[in-house]
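So for the sequence shown, this note's numbering puts the first residue at 860; every next one is plus one. Note that CB positions come from ideal geometry on N, CA and C, so glycine has one too.
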Amino acid sequence: MNISQRVGHRIKVRRVDLGLQQGELAEKLGVTQAHLSYLEQGKRQISLELLEKIAQILKCPMSDLLGENGRRYTDAPERDAA
Numbered sequence: 860m861n862i863s864q865r866v867g868h869r870i871k872v873r874r875v876d877l878g879l880q881q882g883e884l885a886e887k888l889g890v891t892q893a894h895l896s897y898l899e900q901g902k903r904q905i906s907l908e909l910l911e912k913i914a915q916i917l918k919c920p921m922s923d924l925l926g927e928n929g930r931r932y933t934d935a936p937e938r939d940a941a
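Next up, the structure:
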């Protein structure tokens, strides 16, 4: 999974956790649902400006979506620190 796919997956997981439909988030962002779908699938790279806006709407730090705070919004198991 590349970085765009990981970030897209985290966006989708957070959006679903908040009960937002893809179309609702797309409308709030001012993008098409198709564009958001491509972002969530990792088929398009996301700009930092758009990522910041997504983080604000999803009420989470950008670092959570980037994966800098561990694996908070992923379905991958965390590894124990040795």
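Asked, Found
"DSSP-derived helix/strand/coil call for I916", "helix"
"Three-state secondary structure (DSSP) of Q864", "helix"
"Proximity winner among I870, R865 and Q904, relative to K918 (alpha-carbon distances)", "I870"
"E927, enclosing alpha helix (DSSP H) - first and last residue", "Premise fails: E927 is in no alpha helix (DSSP H) and is neither H nor E."
"Beta-carbon spacing of L907, A914 below 8 Å", "no"
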